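Protein chains in written order, with this note's numbering: chain A, 45 to 312; chain B, 45 to 312. Just so it is clear, CB atoms sit at the ideal spot from N, CA and C, and this is done for glycine as well. Keep in mind it's a predicted model, so treat the numbers as computed, not measured. Each remark here refers to the structure printed beneath this line.
Protein chains: 2
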Amino acid sequence: MGKLSQAEFPAALAEIAGRLTLPPGPMEVLVCGMAGARQGWLEAPYLEAPADLRDLAANAVRPDMAGSDLSVAILPGVCQRQNGENVMRGEETQLLGLAALNPDYSGLVCMPGTHSKWAQLEGTRIEHFSTAMTGELFELLKTHSVLRHSLTGPLDGPGRTQGFKAGAADGLERPDDLLGQLFRVRAGALLSGREPDWSAGYLSGLLIGTEIAANRNRISTDPVPLIGSPTLCALYEEVLGMSGASGRTVDATEIVLAGLKAARQHFS
Amino acid sequence: MGKLSQAEFPAALAEIAGRLTLPPGPMEVLVCGMAGARQGWLEAPYLEAPADLRDLAANAVRPDMAGSDLSVAILPGVCQRQNGENVMRGEETQLLGLAALNPDYSGLVCMPGTHSKWAQLEGTRIEHFSTAMTGELFELLKTHSVLRHSLTGPLDGPGRTQGFKAGAADGLERPDDLLGQLFRVRAGALLSGREPDWSAGYLSGLLIGTEIAANRNRISTDPVPLIGSPTLCALYEEVLGMSGASGRTVDATEIVLAGLKAARQHFS
Numbered sequence: 045m046g047k048l049s050q051a052e053f054p055a056a057l058a059e060i061a062g063r064l065t066l067p068p069g070p071m072e073v074l075v076c077g078m079a080g081a082r083q084g085w086l087e088a089p090y091l092e093a094p095a096d097l098r099d100l101a102a103n104a105v106r107p108d109m110a111g112s113d114l115s116v117a118i119l120p121g122v123c124q125r126q127n128g129e130n131v132m133r134g135e136e137t138q139l140l141g142l143a144a145l146n147p148d149y150s151g152l153v154c155m156p157g158t159h160s161k162w163a164q165l166e167g168t169r170i171e172h173f174s175t176a177m178t179g180e181l182f183e184l185l186k187t188h189s190v191l192r193h194s195l196t197g198p199l200d201g202p203g204r205t206q207g208f209k210a211g212a213a214d215g216l217e218r219p220d221d222l223l224g225q226l227f228r229v230r231a232g233a234l235l236s237g238r239e240p241d242w243s244a245g246y247l248s249g250l251l252i253g254t255e256i257a258a259n260r261n262r263i264s265t266d267p268v269p270l271i272g273s274p275t276l277c278a279l280y281e282e283v284l285g286m287s288g289a290s291g292r293t294v295d296a297t298e299i300v301l302a303g304l305k306a307a308r309q310h311f312s
Numbered sequence: 045m046g047k048l049s050q051a052e053f054p055a056a057l058a059e060i061a062g063r064l065t066l067p068p069g070p071m072e073v074l075v076c077g078m079a080g081a082r083q084g085w086l087e088a089p090y091l092e093a094p095a096d097l098r099d100l101a102a103n104a105v106r107p108d109m110a111g112s113d114l115s116v117a118i119l120p121g122v123c124q125r126q127n128g129e130n131v132m133r134g135e136e137t138q139l140l141g142l143a144a145l146n147p148d149y150s151g152l153v154c155m156p157g158t159h160s161k162w163a164q165l166e167g168t169r170i171e172h173f174s175t176a177m178t179g180e181l182f183e184l185l186k187t188h189s190v191l192r193h194s195l196t197g198p199l200d201g202p203g204r205t206q207g208f209k210a211g212a213a214d215g216l217e218r219p220d221d222l223l224g225q226l227f228r229v230r231a232g233a234l235l236s237g238r239e240p241d242w243s244a245g246y247l248s249g250l251l252i253g254t255e256i257a258a259n260r261n262r263i264s265t266d267p268v269p270l271i272g273s274p275t276l277c278a279l280y281e282e283v284l285g286m287s288g289a290s291g292r293t294v295d296a297t298e299i300v301l302a303g304l305k306a307a308r309q310h311f312s
């Protein structure tokens, strides 16, 4: 979406389709995510939470594909106007996939990433959700803030794990003091000679610990399903464990495919 | 400090001195702040908190000024190794100035800015301090994050005050959920058509409210002295008031001059 103008989407899709081995003839294509944003291909107005995700299909929009063998439906995102304005595009399809694969699941779902989503799911119903800017803040602080001076060099050394645990413990203990604890990255480098790998681990742990602490009282005794990159989900599992809860990582690709399949079943 | 190499400091100081109307002959110059950092003019090793700020003078360092009428002493900053590693350079001199002008003051002092400092002062003793990256985070988010899309345009319109109050209330209420509440800037622009001035006010209020909430239980019934830019201090006064506490703005220039004068009296 960031690189294509509205008019360039059909050709970009045709190019992708051309790379696949598809049977000849007409083909349905189901799309989710930012292609449905206002600045995307064709705006798919948000479904409003609380909502039944089986209604995604009925709210899909169809861009003009005249002259092509492809017919396209773009699924909407979900918005929330009460109890904290919020928006998602793409994650709702993963949530529908989770509900399809685990029909009885009821509880919180965490989708770690640039903008982590936490959703309260009851079967196929999304009751409430929130967004934590955890991943984006990590990148911003690492790249542009005064902390970058302590994060220059090899970040994946042996100190990373130790720093991560220390940061996660601080975040879980004082989530209200994130603004204050962030500066410890800088002070630790100046006063204790903390290396960049330790500092990167600390910052990552601090942010994830703070995020999990803010959601902690909504987590039940069931493991929290985690949908995201395996590396990132493993870190969330670790911090959930430190907080006395637990997580279980779900394959993100499998989930989004299950979500698209489920949405397709609901087209009339 | 960011623009001068070590060798360029003497000439830069001579240039400033040349612009002033000074009596002829030798002149003492007392310097505080980042000139004493490792990457500055000459490193002035930190005084370690808890500390008596009257000891700043005894720990000053003297760069070589051979051939000049100026003799220079650079005051040290203060570091903290226990109960949260931390560092300051420049603020310690303002704190000494506050103590000089208010000899009986005992309590918390807030110094809002890029890196806000909160210091526990007992007369001339600094007992403990912390740093909140509030101002830097505001700039980072406004310039580089996804929130910048909601903060492009005139930021000082009539909605700014209203947004500020809403953000401050949210920050005071849920300081543990800063990562989640930040995204409301974006969602509010998408769903409620919030204008950039409202969004900028909200972000500023949210960050300051979060910062004050994290320090709230250390604030007594006395007004918190605020040392910083008058505009920024007025915002902190407002949010301290919303939290049931109060603040009183102190002239930052007057305070730093009082601090330098007080430090000079302690040179043997």
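Contact residues of the region 157-174 of chain A toward chain B are His159 and Ser174 (C-beta to C-beta distance below 7 Å). Between the alpha carbons of Leu279/A and Gln126/B lies a gap of roughly 28 Å.
Annotation: Asn146/B to Gly167/B spans about 8 Å, alpha carbon to alpha carbon.
Ser115/B sits in a strand when the DSSP states are folded into three classes. Rounded to whole angstroms, the separation of the alpha carbons of Leu235/B and Val75/B is 51 Å. For the region 124-136 of chain B, the set of residues with a beta-carbon nearer than 9 Å to any beta-carbon of chain A comprises Gln124, Arg125, Gly128, Glu129, Asn130 and Val131, in chain order.
Taking C-beta separations shorter than 7 Å and ignoring five residues to either side along the sequence, the partners of Glu281/B in its chain run Leu270, Gly291 and Thr293, following chain order. Asp220/A and Ala176/B have their alpha carbons spaced roughly 12 Å apart. In this chain, the alpha helix (DSSP H) harbouring Met286/A covers Pro274 to Met286. Exclusion of the five residues before and after Arg133/B leaves Gly77, Met78, Gly80, Ala81 and Gly121 as the residues of its chain whose Cβ lies within less than 7 Å of its Cβ. For Leu152/A, the secondary structure class from DSSP, reduced to helix, strand or coil, is strand.
Cβ-Cβ distances below 7 Å link Gly272/A to Met155, Pro156, Gly157 and Ala296 in the same chain, with the five nearest sequence neighbours on each side left out; the list follows chain order.
Taking 7 Å as the cut-off, the beta carbon of Ala101/A is found no closer than this to the beta carbon of Leu139/A. Nearest in C-alpha terms to Thr265/A, of all of Ala289/A, Thr254/A and Leu276/A, is Ala289/A. The beta carbon of Glu87/A lies closer than 8 Å to those of Gly80, Ala81 and Val105 in the same chain, with the five residues before and after it left out. Pairing Leu119/B with Thr137/B gives a Cβ-Cβ distance under 7 Å.
Judged by beta-carbon spacing, Gly253/B lies within the 7 Å limit of Gly215/B, meaning their Cβ atoms are closer than that value.
Rounded to whole angstroms, the separation of the alpha carbons of Ile170/A and Leu97/A is 7 Å.
Under the 7 Å criterion on CB atoms, Arg228/B is classed as interfacial with respect to chain A. For Phe173/B, the enclosing beta strand (DSSP E) begins and ends at Arg169 to Ala176. About 5 Å separates the beta carbon of Asn130/A from that of Ala231/B, a gap short enough to meet the 8 Å contact definition.
Counting along the chain, Thr293/A sits inside no alpha helix (DSSP H); it lies in the beta strand (DSSP E) bounded by residues Gly291 to Asp295. Comparing alpha-carbon positions, the option among Asp113/A, Ala55/A and Leu223/A lying closest to Leu251/A turns out to be Leu223/A.
For Asn261/B, the closest of Ser287/B, Ser243/B and Arg238/B by C-alpha to C-alpha distance is Ser287/B. For Glu135/B, no beta strand (DSSP E) run applies; the uninterrupted alpha helix (DSSP H) run containing it begins and ends at Glu135 to Leu145, by DSSP.
Considering only beta carbons, the part of the region 208-222 of chain B lying closer than 9 Å to chain A consists of Arg218, Pro219, Asp220, Asp221 and Leu222, in chain order. The straight-line gap separating the alpha-carbon atoms of Val190/A and Pro89/A is approximately 40 Å. By the 16-neighbour rule on beta-carbons within 10 angstroms, Lys47/A is exposed. Residues of chain A whose Cβ lies closer than 7 Å to the Cβ of His310/B do not exist, since the nearest Cβ in that chain is about 25 Å away. Residue pairing by DSSP puts Pro269/A in a beta bridge opposite Arg292/A.
Distance from the CA atom of Gly69/A to the CA atom of Ala143/A, rounded to whole angstroms, is 32 Å.
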